[in-house]
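Q: Below you'll find the structure I mean.
Numbering (our numbering), first residue to last: 28 to 501.
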């Protein structure tokens with residue numbers, strides 16, 4: 028393909044990209060198994076556009092006009108309604124298998140213009156089989172940067188701005204600029220943090236009701252093999268991600284003694300190689316999971332240990348999966364779930380149809396099947412409800428035991444700090460304060476607080492918010 032041809036392809040209108048050759052131009056088999064002629068794809072005029080949906084009468088129209096939901100003056104014409112989407116700034120979190128599909132769908136909507144994409148990872152050669160925005164020459168580069176570059180070059184109407192880094196590095200003002208957030212994250216902790224941040228942006232009026240302008244819809248998608256889910260979170264209105272935390276089983280830790288002394292499965296051999304052998308061999312260097320050389324070393328050591336104990340099944344791909352905690356991904360599942368996510372984003376931005384309420388599950392292993400249901404708001408959710416939690420504990424329970432219970436129990440905290448109304452019981456940062464309060468960890472609660480006193484718990488999984496806790500002695 029010549030450079031001039033490539034330039035022409037990039038610049039042509041999206042509607043022309045969707046047209047196809049007439050069926051009369053297609054070759055036909057003249058044998059006995061002649062297939063029926065393919066139907067010619069609908070033209071853009073026949074298919075309609077977002078403007079068609081915005082102005083078409085609907086059985087779900089609201090009392091103020093022809094639109095299915097929300098209140099919007101369409102007297103100015105469909106172009107004015109479409110500008111709601113065109114002028115909206117959208118955040119896409121994650122540029123992996125799901126993120127690539129989301130970016131593609133946003134671009135091909137031909138309405139979205141302004142997108143920011145965030146991702147912490149760099150491109151690995153194993154990503155190339157499904158993350159189609161990347162090429163072999165992109166290996167080692169940040170995913171966000173290369174994904175943005177690809178979309179901007181192929182779709183010149185798009186303005187995708189990349190950010191390579193952690194979502195926790197950005198403050199609340201950064202997230203306030205977006206009209207909708209689409210999440211394609213692949214780990215629970217990052218999704219908890221993002222959910223907490225978006226919920227904390229909501230402001231309330233004097234009656235205690237959420238101010239609509241401060242509500243930023245969060246569309247969360249996730250896939251695992253042939254299964255996937257998409258959900259629409261309207262902060263402080265619908266259930267949030269934290270409400271469904273019980274649906275995600277905590278990762279089971281393998282005892283170190285099992286890894287070191289009695290390995291039984293290939294994963295134990297791999298864990299031994301990167302948890303125990305690597306620090307011994309390279310005490311001054313951290314294992315780089317994105318380095319082919321480092322991963323080859325781990326694979327070879329794991330293979331040797333598997334042969335020693337008669338354990339088969341150690342492969343390079345399994346090694347990558349264990350070390351990087353990779354969830355098996357299927358391209359078709361990513362395509363389906365991302366389409367639902369972008370569809371929901373279009374609906375909440377344009378009011379062209381009723382939104383998902385609130386959860387969609389796709390189970391590809393059972394066939395072409397999906398179902399939706401309402402995920403109810405959890406009355407004791409520490410993120411989207413103002414609820415003071417209560418615990419009954421023996422008075423001789425140590426502060427350290429209480430903190431451990433907060434980590435292992437329903438809250439699943441990571442690094443909690445705790446204060447009472449009169450003093451700081453334990454604070455992890457700064458270092459000087461942690462050192463000064465460390466002596467309280469082994470003290471019984473009866474020496475640190477009164478029964479029924481309210482405590483304030485903070486944790487990195489809850490950005491800019493705290494957990495109210497009343498402990499009663501029994």
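Yeah, the Cβ is synthetic: ideal placement off N, Cα and C, and Gly gets one too.
(1) On the DSSP bridge assignment, give the partners of residue 445 in chain order.
(2) Classify residue 255: buried if its beta carbon has 16 or more other beta carbons within 10 angstroms, exposed otherwise.
(3) State the DSSP-derived secondary structure class of residue 204, mapped to helix, strand or coil.
(4) In three-state terms, what does DSSP make of residue 380?
(5) May I have the straight-line CA-CA distance separating residue 211 from residue 131, to the nearest angstrom?
(6) Can you tell me whether residue 151 is buried or exposed? The criterion is at least 16 other CB atoms within 10 Å of its CB, across all chains shown.
(7) According to DSSP, is residue 387 part of a helix, a strand, or is it coil?
(8) Just reading off the alpha helix (DSSP H) that residue 256 is part of, what are its end residues?
(9) Less than 8 Å between the CB atoms is what I'm expecting for residue 144 and residue 112, so what's the real figure, rounded?
(10) Within the same chain, show all residues whose beta-carbon is closer than 7 Å to that of residue 464, passing over the 5 residues directly before and after it, in chain order.
(11) Note down the Cα distance separating residue 383 from residue 457, rounded to an integer number of angstroms.
(12) Please report the residue range of the beta strand (DSSP E) in which residue 494 lies.
(13) Would you call the segment 488–497 in contact with the segment 223–235, where contact means no fewer than 3 C-beta pairs closer than 8 Å?
(14) If we ignore side chains and look at the alpha-carbon of each, how far apart do residue 350 and residue 480 end up?
(15) Which value, in whole angstroms, describes the spacing of the CA atoms of residue 176 and residue 117?
(16) With respect to 6 Å, is the separation between the Cβ of residue 217 and the closest non-hydrogen atom of the ligand ZN below this value?
(17) Check whether the segment 328–342 and the segment 293–302 are in contact - that is, three or more C-beta pairs closer than 8 Å.
(18) Below 8 Å CB to CB, which residues in the same chain sit around residue 497 once its five sequence neighbours on both sides are set aside?
(19) Can you tell me which of the three DSSP states residue 251 falls into?
(20) Roughly how many whole angstroms lie between the Cα atoms of residue 189 and residue 153?
(21) Identify which residue in 484, 313, 322 and 179 has its Cα closest to the Cα of residue 345.
(22) What is the DSSP secondary structure of residue 52, counted as helix, strand or coil?
(23) Quick one: Cα of residue 421 to Cα of residue 374, how far?
(24) In the DSSP output, which residue or residues are listed as bridge partners for residue 117?
(25) Answer yes if the segment 390–399 comes into contact with the segment 160–178, meaning at least three C-beta pairs across the two stretches below 8 Å, and no otherwise.
(26) Distance check for residue 114 and residue 185, CA to CA, integer angstroms please.
(27) Across the segment 295–310 and the segment 326–333, are there enough close Cβ pairs to call them in contact, namely three or more that are closer than 8 Å?
(28) Please go through the same chain and pick out, in chain order, the residues whose beta-carbon is closer than 6 Å to the beta-carbon of residue 122, but skip the five residues on each side of it.
(29) Can you give me the start and stop residues for the alpha helix (DSSP H) that residue 177 sits inside?
(30) Just curious, the beta strand (DSSP E) that residue 190 is in, first and last residue?
(31) If contacts are defined as beta-carbon pairs under 8 Å, then residue 263 and residue 229 qualify, I think. What distance do you get, rounded to the angstrom?
(32) Under the DSSP definition of a beta bridge, which residues are partnered with residue 416?
(33) Is residue 275 closer than 7 Å to residue 391 when the C-beta atoms are compared?
(34) Going by DSSP in three states, residue 266 sits in which element: helix, strand or coil?
(35) Let me know if residue 283 comes out buried or exposed under the rule of 16 or more other beta-carbons within 10 Å of its beta-carbon.
(36) For residue 471 versus residue 423, is the C-beta distance shorter than 7 Å?
A: This is what the structure gives:
(1) 453 and 484
(2) buried
(3) coil
(4) coil
(5) 13 Å
(6) buried
(7) strand
(8) First-last for residue 256: 254–260, but that is the beta strand (DSSP E), not the alpha helix (DSSP H).
(9) Not really, about 18 Å apart at Cβ, beyond 8 Å.
(10) 451, 452, 453 and 454
(11) 43 Å
(12) 494–500
(13) yes
(14) 44 Å
(15) 17 Å
(16) The ligand ZN is absent from the structure shown, which contains no ligand whatsoever.
(17) yes
(18) 415, 416, 417, 418, 479, 480, 481 and 482
(19) strand
(20) 22 Å
(21) 322
(22) Low per-residue confidence applies at residue 52: pLDDT is 39, beneath 50, and the placement is therefore not dependable enough to give any value.
(23) 52 Å
(24) 142 and 207
(25) no
(26) 12 Å
(27) yes
(28) 144, 146, 170, 171 and 174
(29) 170–181
(30) 186–191
(31) 5 Å
(32) 496
(33) no
(34) coil
(35) exposed
(36) yes
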